[in-house]
Amino acid sequence: VDVIFEKGMTMSPPGFNEMRQTNTIALLNFGGLRAPLNKGNISIGNVFELMPFDNTISIVRIDAQGVTDLIEYLYTMNGQPISNAKLNLTSENKKMMIGNVPVESNRTGIYVITSNYLASGGDKMNFLRDADQKWDSGILMRDVFIEHIKNKGTVSNNGIDGRLIILK
Numbered sequence: 054v055d056v057i058f059e060k061g062m063t064m065s066p067p068g069f070n071e072m073r074q075t076n077t078i079a080l081l082n083f084g085g086l087r088a089p090l091n092k093g094n095i096s097i098g099n100v101f102e103l104m105p106f107d108n109t110i111s112i113v114r115i116d117a118q119g120v121t122d123l124i125e126y127l128y129t130m131n132g133q134p135i136s137n138a139k140l141n142l143t144s145e146n147k148k149m150m151i152g153n154v155p156v157e158s159n160r161t162g163i164y165v166i167t168s169n170y171l172a173s174g175g176d177k178m179n180f181l182r183d184a185d186q187k188w189d190s191g192i193l194m195r196d197v198f199i200e201h202i203k204n205k206g207t208v209s210n211n212g213i214d215g216r217l218i219i220l221k
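Its first residue numbered 54, the sequence shown is counted upward by one per residue in the working numbering.
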């Protein structure tokens with residue numbers, strides 16, 4: 054998901070001039086990643102097994118209600134792959150930071166870099182479907198991942214890094 058965030062931040066969608074590190078996240082779903090990447094050499098076939106769908110990178114802008122719905126969705130679903138955000142979610146308190154800035158500063162809305170499938174409300178992410186602004190890049194997420202591997206020569210596993218803490 055970090056790779057998709059990095060690529061999305063280099064894009065210049067028309068009307069999305071306010072995208073910054075402090076108001077933009079990337080959000081994917083566990084179901085979109087279909088196979089593990091094992092240690093060792095990674096082939097293009099391995100990437101197709103990981104990402105078998107022709108999903109493209111989309112960017113949406115969700116309003117304050119969408120932000121609230123996003124946080125509640127992550128709590129209810131026990132998380133999803135997310136980048137540039139830290140969430141601490143309990144039944145009594147739900148806190149989110151984007152680029153180390155508390156979400157309260159972004160209550161007018163945030164930008165979400167995601168897949169076209171999720172942007173259309175897939176996986177019950179209706180808060181993305183109902184976004185007030187949407188843009189699709191036409192760039193396959195799989196191609197971005199392949200390009201990243203070719204350029205970097207490696208894929209890192211961030212492991213448990215405190216991005217998402219859910220206590221129920």
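Built from N, CA and C at the ideal position, the CB exists for glycine as well.
Supposed contact pair residue j and residue i - C-beta distance, whole angstroms, cut 8 Å
i: Ile112; j: Gly61; result: 6 Å
i: Thr143; j: Leu220; result: 5 Å
i: Ile110; j: Ser190; result: 4 Å
i: Leu86; j: Met104; result: 7 Å
i: Val197; j: Ile57; result: 6 Å
i: Leu74; j: Gly162; result: According to the sequence shown, residue 74 is Gln rather than Leu. At roughly 16 Å, the Cβ-Cβ gap does not stay under 8 Å, so Gln74 and Gly162 are not in contact.
Straight-line Cα distance separating residue j from residue i
i: Met72; j: Gly93; result: 36 Å
i: Ser65; j: Asn108; result: 19 Å
i: Ala138; j: Asn131; result: 15 Å
i: Asp183; j: Ile115; result: 8 Å
i: Met194; j: Lys205; result: 16 Å
i: Phe101; j: Phe180; result: 28 Å
i: Asn141; j: Glu157; result: 14 Å
i: Ala117; j: Asn76; result: 12 Å
i: Gly84; j: Val208; result: 20 Å
i: Gln133; j: Asp176; result: 11 Å
i: Asp214; j: Gln186; result: 31 Å
Contact set for residue i: own chain, Cβ-Cβ below 7 Å, skip 5 residues either direction
i: Lys147; result: Ile124, Tyr128
i: Ile192; result: Thr109, Ile110
i: Gly174; result: Leu181, Arg182
Proximal residues to residue i (C-beta, below 6 Å), its chain only, five neighbours per side dropped
i: Asp55; result: Ser136
i: Trp188; result: Pro66, Ile112
i: Gly119; result: Phe180
* Would you call the stretch 167-179 and the stretch 70-88 in contact, with 3 or more CB pairs under 8 Å? -> In this structure the stretch 167-179 touches the stretch 70-88; the number of beta carbon pairs closer than 8 Å is three or more.
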